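Residue numbers (our numbering): 75 to 314.
Cβ atoms here follow ideal geometry from the backbone N, Cα and C, with glycine treated the same way.
None of these values were measured; they are calculated from a predicted model.
Please read the structure below before turning to the comments.
Written out as structure tokens, the structure reads:
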């Protein structure tokens with residue numbers, strides 16, 4: 075079922091024809107047709123007879139997920155508080171394949187944030203939240219995951235060497251946090267820590283980010299890291 079949904083997701087990212095969707099999703103044309111017409115009847119997609127496109131109703135699925143996600147419900151108020159106190163952006167993300175998906179976010183009123191929002195995806199390998207989440211993998215699984223990842227650079231600073239990436243992620247695991255500098259977005263750096271449930275398993279990652287002209291890497295470690303670690307520790311016993 076998981077593979078099926080991921081395939082369908084690939085086929086519905088933009089308006090596409092039935093044939094294009096079937097090809098992208100690696101499904102027989104007749105199967106894709108039945109699925110699409112079912113989704114159309116449910117109000118999740120629409121078609122003009124040739125192209126299929128997503129409808130706003132799909133946001134109901136996202137809302138239901140966020141409302142039922144215990145990690146979000148526990149951490150969102152805290153993210154709001156810490157973001158306000160630090161006057162910087164704070165986010166939470168989970169791992170989905172080779173990407174991270176942002177499921178909670180807080181921003182102080184002085185900052186206009188038009189970029190990364192709820193549901194936004196970024197490659198895990200070049201983000202601080204992604205490297206924290208990848209660090210939960212044993213070394214052999216981490217190497218295999220990086221082998222399967224398209225390490226296309228997002229900025230001139232993106233590290234794309236697999237050996238260097240694996241070394242960096244293992245180091246992040248040992249120190250308990252990740253700091254990524256301008257690798258995912260030009261002019262932006264962020265620091266992240268893992269969110270662990272009661273048994274120590276990593277279920278999410280939270281970060282604080284800032285423009286490089288405003289906050290240095292050293293300041294992120296000195297000022298933001300203690301806040302993030304305090305946040306992670308405060309919710310550990312509440313997560314199952």
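Using a threshold of 8 Å, state whether the C-beta atoms of residue i and residue j are closer than that.
i, j, result
"residue 166", "residue 126", "no"
"residue 276", "residue 207", "yes"
"residue 253", "residue 295", "yes"
"residue 180", "residue 153", "yes"
"residue 250", "residue 263", "no"
What number of angstroms, rounded off, separates the C-alpha of residue i from the C-alpha of residue j?
i, j, result
"residue 317", "residue 129", "Residue 317 falls outside the range modelled here, since the chain spans only 75 to 314, and no answer is possible."
"residue 161", "residue 298", "11 Å"
"residue 175", "residue 193", "6 Å"
"residue 301", "residue 203", "15 Å"
"residue 121", "residue 173", "29 Å"
"residue 100", "residue 224", "20 Å"
"residue 268", "residue 279", "4 Å"
"residue 226", "residue 290", "26 Å"
"residue 237", "residue 213", "12 Å"
"residue 156", "residue 265", "14 Å"
"residue 210", "residue 112", "38 Å"
"residue 274", "residue 305", "15 Å"
Can you say whether residue i is buried or exposed, counting buried as having 16 or more other CB atoms within 10 angstroms of its CB?
i, result
"residue 308", "exposed"
"residue 246", "buried"
"residue 93", "exposed"
"residue 197", "buried"
Determine the DSSP secondary structure at residue i, reduced to helix, strand or coil.
i, result
"residue 168", "strand"
"residue 91", "strand"
"residue 151", "helix"
"residue 192", "coil"
"residue 250", "coil"
"residue 197", "strand"
"residue 120", "strand"
* **Every unbroken beta strand (DSSP E) within the region 251 to 306, with a cutoff of 3 residues, ordered by chain** => Complete beta strand (DSSP E) runs here, min 3: 252 to 255, 262 to 270 and 276 to 285.
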